[in-house]
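Residue numbers (the working numbering), protein chains in the order written: chain A, 2 to 78; chain B, 3 to 195.
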């Protein structure tokens, strides 16, 4: 007999493995969407402070997460 | 542009890579692995690998069913479920989000993100295309794979040498094994005296 269980079947039984994997996928996608927006904001000349404020996190957090050496010497406006 | 390899040799590799990707997409598996390369070999216009596999009663329909079974039971080389299906269980339409991102930022926005300073630490995620499993890279990017396989039979040998557990599970489900097929492929590809 096949061991395969369809995703729909597992999800309908509220299999935690599906729930956790779905949340992980969602988190990864949110990280990607955030990075896209950060990139666009930087290209539009936003400062790290302004980006951090919009994201509701500290400037240090956003800088640590996204700033590369290329941006290290750039002064915030 | 002139290629450094012989005529047609590198075309086998790129043709198989494209076909493996199509098989992964067809099954909505979310990654491209050795399992999909096996399917690509069975569907390829060069019959060398297909004939070797047929001798072991492995056909495209039977292999597709075995691959689907192995992947959905979590024995494949990649994740058990693809991101689009997982996100759908939360009511999130990944394809709609991808469409919106492409409309807002351009068709290559994700590729450009990963090449930008902002994306350099970013992990691979659902907005990217399917990831290539390490076993598939081992199978295709051998010295011979990079230079171009002379035939699909040579690609099959490289696939069998890649050490993929997903492929092993598929072959076992089909009543065969890497060792058995390697022996048959080596025999078939031996130059006639």
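For every residue, glycine included, the Cβ atom is placed at its ideal position computed from N, Cα and C.
Answer with buried or exposed for residue i, where buried requires no fewer than 16 other C-beta atoms within 10 angstroms of its C-beta.
{"i": "residue 165 of chain B", "result": "exposed"}
{"i": "residue 40 of chain A", "result": "buried"}
{"i": "residue 9 of chain B", "result": "Caution is warranted here: a pLDDT of 45 is assigned to residue 9 of chain B, below 50, making its placement in the model unreliable, and no coordinate value can be reported."}
{"i": "residue 143 of chain B", "result": "exposed"}
{"i": "residue 58 of chain A", "result": "exposed"}
{"i": "residue 31 of chain A", "result": "exposed"}
{"i": "residue 31 of chain B", "result": "buried"}
{"i": "residue 188 of chain B", "result": "exposed"}
{"i": "residue 74 of chain B", "result": "buried"}
{"i": "residue 161 of chain B", "result": "buried"}
{"i": "residue 20 of chain B", "result": "exposed"}
{"i": "residue 183 of chain B", "result": "buried"}
With a cut-off of 7 Å, does the C-beta of residue i fall near any C-beta of chain B?
{"i": "residue 39 of chain A", "result": "yes"}
{"i": "residue 42 of chain A", "result": "no"}
{"i": "residue 36 of chain A", "result": "yes"}
{"i": "residue 2 of chain A", "result": "Unreliable positioning characterises residue 2 of chain A in this predicted model, as indicated by a pLDDT of 38, which lies under 50. The coordinate reading is nonetheless provided below. Taking Cβ atoms only, chain B never reaches closer than 7 Å to residue 2 of chain A, which makes this a no."}
{"i": "residue 8 of chain A", "result": "yes"}
Less than 7 Å between CB atoms is the rule here; does residue i satisfy it with respect to chain D?
{"i": "residue 87 of chain B", "result": "Chain labels in this structure do not include chain D; the protein chains are A and B."}
Am I right that residue i and residue j are in contact with their C-beta atoms under 8 Å? What's the rounded C-beta distance?
{"i": "residue 60 of chain A", "j": "residue 49 of chain A", "result": "5 Å"}
{"i": "residue 22 of chain B", "j": "residue 39 of chain B", "result": "5 Å"}
{"i": "residue 14 of chain B", "j": "residue 37 of chain B", "result": "In fact, because the Cβ distance is near 19 Å, the residues do not count as touching under 8 Å."}
{"i": "residue 69 of chain B", "j": "residue 29 of chain B", "result": "7 Å"}
{"i": "residue 1 of chain B", "j": "residue 51 of chain B", "result": "This structure leaves residue 1 of chain B out entirely; chain B is present only between 3 and 195."}
{"i": "residue 19 of chain A", "j": "residue 37 of chain A", "result": "27 Å between Cβ atoms; not a contact."}
{"i": "residue 186 of chain B", "j": "residue 60 of chain B", "result": "The Cβ separation is near 11 Å, so there is no contact."}
Using beta carbons (cut-off 7 Å, strictly below), is residue i in contact with chain A?
{"i": "residue 92 of chain B", "result": "yes"}
{"i": "residue 16 of chain B", "result": "no"}
{"i": "residue 69 of chain B", "result": "no"}
{"i": "residue 161 of chain B", "result": "no"}
{"i": "residue 121 of chain B", "result": "yes"}
{"i": "residue 64 of chain B", "result": "no"}
{"i": "residue 176 of chain B", "result": "no"}
{"i": "residue 115 of chain B", "result": "yes"}
{"i": "residue 167 of chain B", "result": "no"}
{"i": "residue 179 of chain B", "result": "no"}
{"i": "residue 118 of chain B", "result": "yes"}
According to DSSP, is residue i part of a helix, a strand, or is it coil?
{"i": "residue 133 of chain B", "result": "strand"}
{"i": "residue 112 of chain B", "result": "helix"}
{"i": "residue 54 of chain B", "result": "helix"}
{"i": "residue 34 of chain B", "result": "strand"}
{"i": "residue 62 of chain B", "result": "helix"}
{"i": "residue 192 of chain B", "result": "coil"}
{"i": "residue 167 of chain B", "result": "helix"}
{"i": "residue 58 of chain A", "result": "coil"}
{"i": "residue 43 of chain A", "result": "helix"}
{"i": "residue 26 of chain B", "result": "helix"}
{"i": "residue 126 of chain B", "result": "coil"}
{"i": "residue 14 of chain B", "result": "helix"}
{"i": "residue 90 of chain B", "result": "helix"}
{"i": "residue 20 of chain A", "result": "helix"}
{"i": "residue 83 of chain B", "result": "coil"}
{"i": "residue 120 of chain B", "result": "coil"}
{"i": "residue 150 of chain B", "result": "coil"}
{"i": "residue 176 of chain B", "result": "coil"}
Let me check you understand the geometry: is the CB of residue i closer than 6 Å to at least one non-hydrogen atom of the ligand COA?
{"i": "residue 14 of chain B", "result": "Here there are no bound small molecules, and the ligand COA is not part of this structure."}
Original post:
Closer than 7 Å, Cβ to any Cβ of chain A: which residues of the segment 124-142 of chain B, in chain order?
Top reply: 124, 125, 127, 128, 129
Original post:
Looking at chain A, which residues of the segment 21-42 of chain B have a Cβ within less than 7 Å of any of its Cβ atoms?
Top reply: none
Subject >> the segment 45-67 of chain A: positions lying closer than 8 Å to chain B by Cβ >> reply: 66, 67
Original post:
What residues in the segment 94-112 of chain B have a beta carbon less than 8 Å from any beta carbon of chain A?
Top reply: 94, 96, 99, 103, 107, 111, 112
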